[in-house]
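Here's the structure, in structure tokens; my notes come after.
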Amino acid sequence: MSIIIDKLFANLSKFIAITILLLVAWIFTVLLQNSMASIQAFGFDFITESKWAPNLGKFGALPAIYGSVVSTFLAMILAVPLAIGVAIFLSELAPARLKSPVGVSIELLAAIPSVIYGMWGLFYFVPIVRDVFGGIGISMLTAGIVLSIMILPFMAAVTRDAMNTTPDILKESAYALGGTKWDVIKDIIIPYAKAGIIGSFILALGRAIGETMAVTFVMGNVHKISMDLTAPATSIPVTLANEFTEADTELYYSSLFELSLMLLVISFTIISIAKFYFLRRKRIA
Numbered sequence: 001m002s003i004i005i006d007k008l009f010a011n012l013s014k015f016i017a018i019t020i021l022l023l024v025a026w027i028f029t030v031l032l033q034n035s036m037a038s039i040q041a042f043g044f045d046f047i048t049e050s051k052w053a054p055n056l057g058k059f060g061a062l063p064a065i066y067g068s069v070v071s072t073f074l075a076m077i078l079a080v081p082l083a084i085g086v087a088i089f090l091s092e093l094a095p096a097r098l099k100s101p102v103g104v105s106i107e108l109l110a111a112i113p114s115v116i117y118g119m120w121g122l123f124y125f126v127p128i129v130r131d132v133f134g135g136i137g138i139s140m141l142t143a144g145i146v147l148s149i150m151i152l153p154f155m156a157a158v159t160r161d162a163m164n165t166t167p168d169i170l171k172e173s174a175y176a177l178g179g180t181k182w183d184v185i186k187d188i189i190i191p192y193a194k195a196g197i198i199g200s201f202i203l204a205l206g207r208a209i210g211e212t213m214a215v216t217f218v219m220g221n222v223h224k225i226s227m228d229l230t231a232p233a234t235s236i237p238v239t240l241a242n243e244f245t246e247a248d249t250e251l252y253y254s255s256l257f258e259l260s261l262m263l264l265v266i267s268f269t270i271i272s273i274a275k276f277y278f279l280r281r282k283r284i285a
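Residue numbers (full-length UniProt numbering): 1 to 285.
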């Protein structure tokens with residue numbers, strides 16, 4: 001009986017894995033088919049062109065790509081140190097009576113809908129950015145701040161769990177050799193949990209680069225490349241959210257689908273690079 005159950009479980013797991021692969025391939029195929037008109041009309045110029053003028057039939061994705069990359073980069077810069085600090089506090093420094101309530105509070109932040117983050121950012125962070133840095137407040141900087149708050153719970157929770165897997169014997173041995181709390185964290189816990197920490201960063205990066213509603217509230221939808229982080233901008237998700245229902249021509253519609261295809265390719269590339277890194281590290285080890 002146990003052999004039959006094992007075979008059923010193995011076949012079911014295989015079926016689910018293959019189904020997921022087929023779903024990804026199906027999504028890619030649908031996006032590619034709907035993008036063909038744009039691909040044939042613009043070719044590689046779609047990526048390098050910065051002019052987005054639906055009324056003129058001109059579509060360039062460079063401002064959206066730039067906005068996606070810069071806002072995500074800002075979010076990671078702001079969130080990574082905070083996430084690591086929170087994880088270290090919860091796993092090694094916090095008193096027992098604080099670990100549970102603080103940990104639950106951090107995890108609850110992940111349950112807040114993105115539209116709430118967007119509204120909060122619009123009514124709270126936009127005025128702050130406007131008063132401190134100038135401009136109108138709706139900008140890539142504001143988007144980066146909101147995104148950093150959104151991805152912080154994911155990174156902190158996963159990083160904390162990874163740090164908690166460090167065997168006590170390793171930490172106790174380090175303390176026995178005269179190591180300080182900082183030495184143990186720096187030389188034992190972080191190296192041991194490095195794979196999990198990097199995995200949390202990749203998870204958060206994928207969440208940030210594809211986030212739509214929160215960024216739509218605070219970034220604007222200006223198809224322009226600017227070095228000024230306090231200026232309004234756009235990103236791929238923002239463009240899709242604001243303009244998909246307004247597409248009134250086949251080329252306009254297809255260009256938006258090509259943006260979707262690019263977002264899928266970017267996300268897949270990031271995950272693939274991370275997976276390649278982990279596999280390479282495993283082979284070396």
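Don't be surprised by glycine CBs; every beta carbon is placed ideally from N, CA and C.
In the three-state DSSP reduction, LYS51 falls in the coil class, being neither helix nor strand. In the displayed model, LYS186 falls within a helix according to three-state DSSP. The three-state reading of DSSP puts LYS224 in coil, since its state is none of H, G, I, E or B.
Look at the beta carbons and you see the region 143-153 touching the region 58-78: at least three pairs across the two are nearer than 8 Å. Rounded to the nearest whole angstrom, the C-alpha separation of LEU122 and PRO237 is 17 Å.
Check the Cα spacing between PHE217 and each of ILE27, TRP52 and GLY118: the tightest is with GLY118.
Residue range 194-210 is occupied by the alpha helix (DSSP H) that includes GLY196. For ALA10, the uninterrupted alpha helix (DSSP H) run begins and ends at 2-42, by DSSP.
By the criterion of at least three beta-carbon pairs nearer than 8 Å, the region 50-58 is not in contact with the region 129-136.
Contact annotation: ALA204 and VAL222 have beta-carbon atoms that are not nearer than 7 Å. As for any alpha helix (DSSP H) of minimum length 4 sitting wholly inside the region 225-276, the runs are 236-243, ordered along the chain. Closest option to SER100, judged by alpha-carbon separation, among VAL86, ILE112, ALA111 and PRO113: VAL86.
Looking at the DSSP output, LYS58 bridges to ALA53. VAL215 and VAL146 do touch by the CB rule: their CB atoms are close to 7 Å apart, below 8 Å. Per DSSP, ILE149 is one residue of the alpha helix (DSSP H) stretching across 140-164. Along the length of the region 62-135, whole alpha helix (DSSP H) runs at least 4 residues long occupy 62-88, 96-109, 114-120 and 126-133, reported in chain order.
Under the criterion of beta carbons closer than 8 Å, ALA143 and MET219 qualify as touching, at roughly 4 Å. Linking TYR124 to THR212 through their CA atoms gives a straight-line distance of about 19 Å. In the pairwise beta carbon analysis, the region 241-258 is classified as not touching the region 191-207: fewer than three pairs are separated by under 8 Å.
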